[in-house]
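Have a look at the structure below, then the notes.
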Amino acid sequence: MKRFAGKAALITGAASGIGRAAALRLAEEGSDLYLVDLAADALAESAQQCGERGAAVAHAVCDVADESQVQAAVAGCAERFGRLDALCNIAGILLLEHAGNTTAQQFRRILEVNLLGTFLMCRAALPHLLESRGAIVNTSSTAALAGMPYAAAYGASKGGVSALTRTLAVEFAKQGLRCNAVCPGSIRTPMTGSGSLPENADLQLVSRAMPLDEARGPEAVAGLIALLASEDGRHINGEEVRVDGGTLA
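Sequential numbering from 0 applies to the sequence shown in numbering that gives the first Met the number 0.
If you want it as structure tokens, here you go:
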């Protein structure tokens, strides 16, 4: 399929995990790509892999929690490709810690990257997406839909992403812009692999987040992101779609 031929997408968190998988999927479907992340070397590798799949690619180091860097990234995408049809907000960070031991600084940083960063990207991209009658795909989490132990900051940030998604969907639907969120769970990524449990964690609580069959790679989420960002998703708006192997079924 070439659902994105003649279109341009901006993807955050594109250096690894779901972000890289989404970039590769959209590249294979014909999209021009503007990729951003903080990890410069891994980001360049993602761009190279997308280029090898025939995509026109540009990339830039960007901290999504930094307003000026976000504005520069969106402007760079519009200048490079002359349009923006899809914004995929995938950048995120995870903290696993007892709620009582989580510092205000830690909590604030999770909110800055996961929630504020998503808002800043959406706000900066809005004029271009309204012009193209495009789509936003945000990354929420099963942690926004059910209690996730030792993830007070992360769950709160993803709950905010879900609420933001619904708000934007309603506010701009009549102008032709769609906004949806994916809610991954039990997905193998560098972020989830690096999240170590805190001391004295209750493993029975942790087991509540296990899939019914098996954990899967980020390509399982990338396919859904491509659907929601494409014309095949034109009648889907304001949704939070679980990709969790039945964990919350």
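Using N, Cα and C, we set each Cβ at its ideal position, and we do this for glycine too.
Straight-line gap, residue i to residue j (C-alpha atoms, nearest Å)
i	j	result
Leu-125	Thr-117	12 Å
Gln-70	Ala-123	6 Å
Asn-236	Ala-172	8 Å
Glu-51	Ala-214	28 Å
Leu-86	Val-73	10 Å
Ser-131	Ala-4	14 Å
Gly-12	Ala-162	21 Å
Ile-109	Thr-191	14 Å
Ala-155	Gly-175	29 Å
Gly-159	Leu-114	6 Å
Own chain residues within Cβ distance below 8 Å of residue i, not counting five before or after
i	result
Glu-111	Ala-64
Leu-247	Thr-141, Leu-144, Ala-145, Gly-184, Arg-241
Assigned exposure category for residue i - 16 Cβ within 10 Å defines buried
i	result
Lys-6	buried
Ala-20	buried
Leu-204	exposed
Val-169	exposed
Met-0	exposed
Ser-229	buried
Asp-231	exposed
Residue from the options with nearest C-alpha to residue i
i	options	result
Ser-185	Leu-211, Leu-176, Leu-163, Pro-197	Leu-211
Arg-207	Ala-85, Ile-92, Ala-152, Leu-144	Leu-144
Arg-107	Glu-130, Ala-151, Ala-142	Ala-151
Arg-187	Ala-4, Arg-2, Gly-16	Gly-16
Glu-218	Asp-243, Leu-202, Ala-74, Glu-238	Asp-243
Arg-24	Asp-36, Val-35, Leu-37, Ser-45	Ser-45
Glu-239	Gly-146, Thr-141, Gln-48, Leu-176	Thr-141
Gly-91	Leu-167, His-234, Pro-189, Val-56	Pro-189
Cβ neighbours of residue i in the same chain (closer than 7 Å, five flanking residues each side left out)
i	result
Tyr-149	Leu-95, Glu-96, His-97, Leu-196, Pro-197, Ala-200
Ala-39	Val-60
Practice task
Report yes or no: do the stretch 137 to 144 and the stretch 171 to 180 share at least 3 C-beta pairs separated by less than 8 Å?
Solution key: They touch, by the three-pair rule.
Exercise for the section: State whether the stretch 26 to 45 contacts the stretch 75 to 83, with contact taken as three or more CB pairs (one from each stretch) at a distance under 8 Å. Expected result: With a cut-off of 8 Å on Cβ pairs, the stretch 26 to 45 is in contact with the stretch 75 to 83, counting three or more such pairs.
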